[in-house]
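Reading the sequence shown from the start, the letters are residues 3 to 202 in this note's numbering. Structure first, then comments.
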Amino acid sequence: MPALVAGGTSASGTSSLSVPADGSPEAGFARDMSTHHQQAVDLSFIVRDRTSDEPTRTLAFDIINTQANQRGMMMGWLDQWGLTQHSTAKPMAWMTAMGGHGHGADYQAHDGSLMPGMATNAQLAKLRSLSGRDAEVLYLQLMVEHHKGGVEMAQGYVDMAHNDAEKRLAQSMVVGQSSEVELMTDMLKERGAAPGVPAS
3 MPALVAGGTS
13 ASGTSSLSVP
23 ADGSPEAGFA
33 RDMSTHHQQA
43 VDLSFIVRDR
53 TSDEPTRTLA
63 FDIINTQANQ
73 RGMMMGWLDQ
83 WGLTQHSTAK
93 PMAWMTAMGG
103 HGHGADYQAH
113 DGSLMPGMAT
123 NAQLAKLRSL
133 SGRDAEVLYL
143 QLMVEHHKGG
153 VEMAQGYVDM
163 AHNDAEKRLA
173 QSMVVGQSSE
183 VELMTDMLKE
193 RGAAPGVPAS
C-alpha cells in the first residue's frame with residue numbers, strides 16, 4: 003500500500019479529503035477516458051500499418067504518444083488514490099450521478115462503442131480491411147468523431163472537477179483534440195472527403 007496520497011499528505015488523518023471516492027467524477031473520468039484513449043491508440047496503430055502516407059502516419063504517431071501518455075497519467079492517479087483501474091459501473095455513470103446532462107451522459111453503448119465518439123467493432127473491422135487512401139479517409143473520419151466525443155467528455159469533467167491536476171489535463175484534451183479535429187477535417191478535404199462516418 004502506498005504511504006502517500008495524491009496531495010502528498012499522510013494516508014492517515016485527513017487524507018480522505020484529498021483522495022477521490024470510488025464513485026467520484028475524478029475516478030469515473032480517469033477510468034472512462036482511459037478506455038476512450040485506448041481505442042484512439044488502437045485505431046492509430048491500425049492505420050499506421052495500412053498506409054505509407056507520411057502526414058497520416060505522423061498524425062497517428064502523435065495520437066499514440068499523446069493519448070498513451072495521458073492514459074498512463076490517469077491510471078497512475080487511480081493507483082495513487084488506491085482505486086481500481088476498472089469499475090462495474092456503467093460508462094459515463096459518474097456524469098449522471100453528479101447531475102451531468104449532455105456531454106454524453108445518456109449515451110447508449112452498442113457494438114463495442116462504449117462512450118461518445120468510440121468506433122464500433124464493425125468500423126474497426128472495416129478499417130483493418132482497407133489500405134492506402136481508403137484507410138486514411140476512414141481513419142480520419144473515425145478519429146474526428148472520436149475526438150469530438152472525447153472533447154465532450156473532457157468538457158463534462160472540467161465543468162464538475164474537484165481535482166486541479168486532473169482538471170488541467172482534461173482542459174488540455176479539450177484544446178488539443180479540438181485543434182486536431184480541424185487538422186483532420188483539412189486532411190479529409192485534401193483527400194476529397196468530408197467528416198462523418200459512413201453507415202456500416
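For glycine and all other residues, C-beta sits at the position ideal for the given N, C-alpha and C.
With contacts defined by Cβ atoms closer than 8 Å, G152 and W96 do not form a contacting pair. S115 is bridged by DSSP to H112. The beta carbon of Q179 is closer than 6 Å to those of H149, G152, V153 in its chain, skipping five residues each way along the sequence. Distances from the CA of F47 to each of Q69, E28, S36 were compared; the closest alpha carbon is that of Q69.
Around the beta carbon of R33, 16 or more other beta carbons lie within 10 angstroms, which makes this residue buried.
In the same chain as A23, and ignoring 5 residues on each side of it, the C-beta atoms closer than 8 Å to its own belong to A29, in chain order.
Counting other Cβ atoms within 10 Å of its Cβ, N165 reaches 16 or more and is therefore classed as buried. Within the same chain, S36, H39, Q40 come within 7 Å of R73 by CB-CB distance, once the 5 residues on both sides are set aside. Across the structure, V146 and D188 are spaced so that their CA atoms are roughly 11 Å apart. Sixteen is the threshold: since fewer than 16 other Cβ atoms of the shown chains lie within 10 Å of the Cβ of G114, the residue is exposed. Of the candidates L129, T90, S181, Q110, L129 places its Cα closest to the Cα of P200.
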